[in-house]
Amino acid sequence: QFRDASQVDERADLFSFGICLWLMLCGHKPYRVNYEPAPLPAPRLTSGEAPSPVLAEILRRTVAFDPAERYRDFDELRRRLNAAHEELFHFPCPFMELAHIDLRADSCNNRAVSLLELDRQEEARRLLDKALTINDTLEEAIYNRLLLDLQSNGASERLRRRISVAQQIAEHPDWFADLAAYAAGQDHSLPPYRLCVPKHTAEIYREGQLAKAARDNIKSLFAAGDFEACQEALLAAWEHIGFRRDQTFAKIYSRLARSGRPGQLVGIQRLAILSSVGRPIQALCRVPGGAALAALTKEGRLLAVDPTAPGRRPAPWPDAPRRVLCLTAAENRLLFASEKGQVVIRTFGRKAKPPVQTIQIKGRITSLAARRDGLTAVGCEDGSIFLFDAAGKRLAVLQAPESGPVSALALPPRRSVVISGSADGCLRFWDAASGECVRQTEAHALPVTGLDLAPDGLLLASSSADRRVRLWDVRTGACGHDLAAHEETVSGVLLTADHRYLVTAGEDDLVKVWDSEFGRCRFTRDGRGDGVTALTRDRADHIIATGHQDGGITLWMLVRRLEF
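For the sequence shown, the positions run 11 to 574 when the numbering used here is used.
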């Protein structure tokens, strides 16, 4: 069949399948020599009986020497095999449609391994990335992607940490122990790439039926309004698959979260991987009034990203300055600053008057913060902080020239307090009315990189280039926890609304979730983006977004047990 290479297509595989089918059903091959055309004998089953008409047709057409006489593809053959099953047993074959089981990630991984054997690394890398987009917990693909990076780029400290994280949560930690040994130079032989072992059809069918039953039960309980039982069934089914990405489970959980009060954290899921913006991301925030995200690259480009369409390319923000320095959002306002000292405030909503407002100051802007009541704080490179009301009127100027650039700002609700973090590592608490610094704390050894306030304004989290995160009581200034959070600069920090959990992201390419009461790390995940450089909340408290050094954006879901 390979003598005329131009004629080789999927129907050549049908011929090979047909030979196997003859061996299975008839006990012998149809031809003495497969590649020499010969008359096809009448098929007889191993029992000596003649096959049914449909089965006889299948045996004849699959091994026809002329490709045009074979079935067009395996889909057509599957339908005829199902017809043969119905002819024999009077009901459709249960394996005809293997619903609720997605084997695409396994297939992508195994194709990637084949390409790696041919030294086609870039094609293999794309397939492994696709596999992890479909199933981000597929251990073989995680292992192979790390091994490929190790083989291509060498054993960087960051890659070693990623291997260590993967080993901590792996079902096969010995695989990653081999990678770690090779990366450390303890083993000089390259570990093998790993294939996903094909599952038996009966096992696939059984898993599919169980998955279908679980989904039907969850949907039924949700429709009946039995949220407690629905949650129990949902979490059990989700935990069974390692909280990997599942659209049905994520959709129902988000609906349940609207009615329930969040409790104990049980898992973290990579909800979606959005199209890369193509450049390292400096800042990220949700655009008020919709699902879009605003992404600021380190080159100063402001882009709009649509999370509802992961494949859609990010678009330039309309009317944005040529170079944007910083970005933030609050309630119904999006704020960004240009290199010419101009702050643009875009207000969303029908009653927004005016929809676009600008504030002009002297000096290079390094940070922004805004509050629901319209208060805006602008931090500058010379250590000064400008305060403006909702109408754009200047209220005060706070000055600490010895601090260096103001790198982060926070505005507690309903209080005349401004909190700033600076390049000197200090936190300063200001009285907005008098302009006085009422408290100064040497919080970090290196510049502060982020501040986040709990919604009630009582708990503050600070992150720094010194790789640490600290929690503070805003009323007393006392440090509650000092966390050695990451191995490189901590690029972002977020507190959940109930103070119970803290999310940190670092340039070591890790995302961590901490118990803020006891200061323990509950979950660690690999960012898979060459360093996490930005962290922000999405519309719901249980969804966050991270921006990465490679330009990628990832949505994460914090799965918490809900109280109804």
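Heads up, the beta-carbon is just placed ideally off N, CA and C, and yes, glycines get one too.
I'd like to know whether the C-beta atoms of residue i and residue j end up nearer to each other than 7 angstroms.
{"i": "residue 458", "j": "residue 444", "result": "no"}
{"i": "residue 105", "j": "residue 211", "result": "yes"}
{"i": "residue 527", "j": "residue 499", "result": "no"}
{"i": "residue 460", "j": "residue 291", "result": "no"}
{"i": "residue 37", "j": "residue 72", "result": "no"}
{"i": "residue 144", "j": "residue 115", "result": "yes"}
{"i": "residue 288", "j": "residue 541", "result": "no"}
{"i": "residue 478", "j": "residue 488", "result": "no"}
{"i": "residue 426", "j": "residue 416", "result": "no"}
{"i": "residue 519", "j": "residue 502", "result": "no"}
{"i": "residue 240", "j": "residue 253", "result": "no"}
{"i": "residue 544", "j": "residue 344", "result": "no"}
{"i": "residue 4", "j": "residue 367", "result": "Any answer about residue 4 is impossible in this case: the structure gives the chain only from 11 up to 574."}
{"i": "residue 34", "j": "residue 279", "result": "no"}
{"i": "residue 336", "j": "residue 284", "result": "no"}
Cα-Cα, which of the options is closest to residue i?
{"i": "residue 571", "options": "211, 244 and 168", "result": "244"}
{"i": "residue 472", "options": "217, 492 and 37", "result": "492"}
{"i": "residue 412", "options": "434, 404 and 401", "result": "434"}
{"i": "residue 205", "options": "537, 126 and 442", "result": "126"}
{"i": "residue 456", "options": "414, 257, 111 and 344", "result": "414"}
{"i": "residue 453", "options": "490, 124, 288 and 270", "result": "490"}
{"i": "residue 525", "options": "539, 158, 216 and 480", "result": "480"}
{"i": "residue 209", "options": "328, 49, 112 and 509", "result": "112"}
{"i": "residue 314", "options": "327, 272 and 199", "result": "327"}
{"i": "residue 148", "options": "65, 176 and 34", "result": "176"}
{"i": "residue 428", "options": "137, 57, 394 and 559", "result": "394"}
{"i": "residue 55", "options": "49, 48 and 39", "result": "39"}
{"i": "residue 352", "options": "361, 387, 342 and 464", "result": "387"}
{"i": "residue 65", "options": "559, 298 and 94", "result": "94"}
{"i": "residue 342", "options": "139, 385, 35 and 312", "result": "385"}
{"i": "residue 447", "options": "100, 186 and 409", "result": "409"}
{"i": "residue 261", "options": "281, 43, 274 and 275", "result": "281"}
{"i": "residue 407", "options": "400, 420, 442 and 437", "result": "442"}
{"i": "residue 32", "options": "70, 364 and 569", "result": "70"}
{"i": "residue 167", "options": "507, 378 and 496", "result": "496"}
Within the continuous beta strand (DSSP E) that includes residue i, where are the two ends?
{"i": "residue 417", "result": "416-420"}
{"i": "residue 522", "result": "520-525"}
{"i": "residue 6", "result": "Residue 6 lies beyond the range of the chain shown here (11 to 574); nothing can be said about it."}
{"i": "residue 370", "result": "366-370"}
{"i": "residue 472", "result": "469-474"}
{"i": "residue 293", "result": "291-296"}
{"i": "residue 183", "result": "It is not in any beta strand (DSSP E) - residue 183 instead sits in the alpha helix (DSSP H) that spans 183-193."}
{"i": "residue 482", "result": "478-483"}
{"i": "residue 430", "result": "427-432"}
{"i": "residue 336", "result": "334-340"}
{"i": "residue 269", "result": "Note, residue 269: premise wrong, no beta strand (DSSP E); alpha helix (DSSP H) at 257-269."}
{"i": "residue 230", "result": "That residue, residue 230, is in no beta strand (DSSP E); its alpha helix (DSSP H) goes 211-233."}
{"i": "residue 156", "result": "Run containing residue 156: none in the beta strand (DSSP E); it sits in the alpha helix (DSSP H), 149-163."}
{"i": "residue 358", "result": "It is not in any beta strand (DSSP E) - residue 358 carries neither H nor E in the DSSP assignment."}
{"i": "residue 554", "result": "553-558"}
Does any C-beta atom of chain D lie closer than 7 angstroms to the C-beta of residue i?
{"i": "residue 327", "result": "Protein chain content of the structure displayed is limited to a single chain, and chain D is not contained in it."}
Please work out which residues of its chain come closer than 6 angstroms, Cβ to Cβ, to residue i, disregarding the five sequence neighbours upstream and downstream, and give them in chain order.
{"i": "residue 310", "result": "333 and 334"}
{"i": "residue 423", "result": "467"}
{"i": "residue 11", "result": "Note on residue 11: pLDDT 45, under 50, position unreliable in the model; the coordinate value appears next. 22 and 25."}
{"i": "residue 119", "result": "141, 150, 151 and 206"}
{"i": "residue 197", "result": "191"}
{"i": "residue 331", "result": "348"}
Who are the near neighbours of residue i in its chain, counting only those whose CB is closer than 7 angstroms to its CB and skipping five residues on each side?
{"i": "residue 340", "result": "380, 381 and 382"}
{"i": "residue 547", "result": "296, 504 and 554"}
{"i": "residue 203", "result": "123, 126, 154 and 157"}
{"i": "residue 529", "result": "491 and 493"}
{"i": "residue 159", "result": "169"}
What is the residue span of the alpha helix (DSSP H) that residue i lies within?
{"i": "residue 573", "result": "No alpha helix (DSSP H) contains residue 573, which is instead part of the beta strand (DSSP E) from 563-573."}
{"i": "residue 64", "result": "63-72"}
{"i": "residue 3", "result": "This structure leaves residue 3 out entirely; the chain is present only between 11 and 574."}
{"i": "residue 511", "result": "No alpha helix (DSSP H) contains residue 511, which is instead part of the beta strand (DSSP E) from 511-516."}
{"i": "residue 178", "result": "167-179"}
{"i": "residue 123", "result": "114-127"}
{"i": "residue 144", "result": "131-144"}
{"i": "residue 248", "result": "237-250"}
Skipping 5 residues on each side, what residues in its chain have a beta carbon closer than 8 angstroms to that of residue i?
{"i": "residue 96", "result": "102 and 103"}
{"i": "residue 270", "result": "237, 241, 572, 573 and 574"}
{"i": "residue 390", "result": "371, 373, 374, 375, 376, 396, 415 and 416"}
{"i": "residue 274", "result": "570 and 571"}
{"i": "residue 485", "result": "468"}
Does the count of Cβ pairs from the region 212-231 and the region 242-257 closer than 8 angstroms reach three? yes
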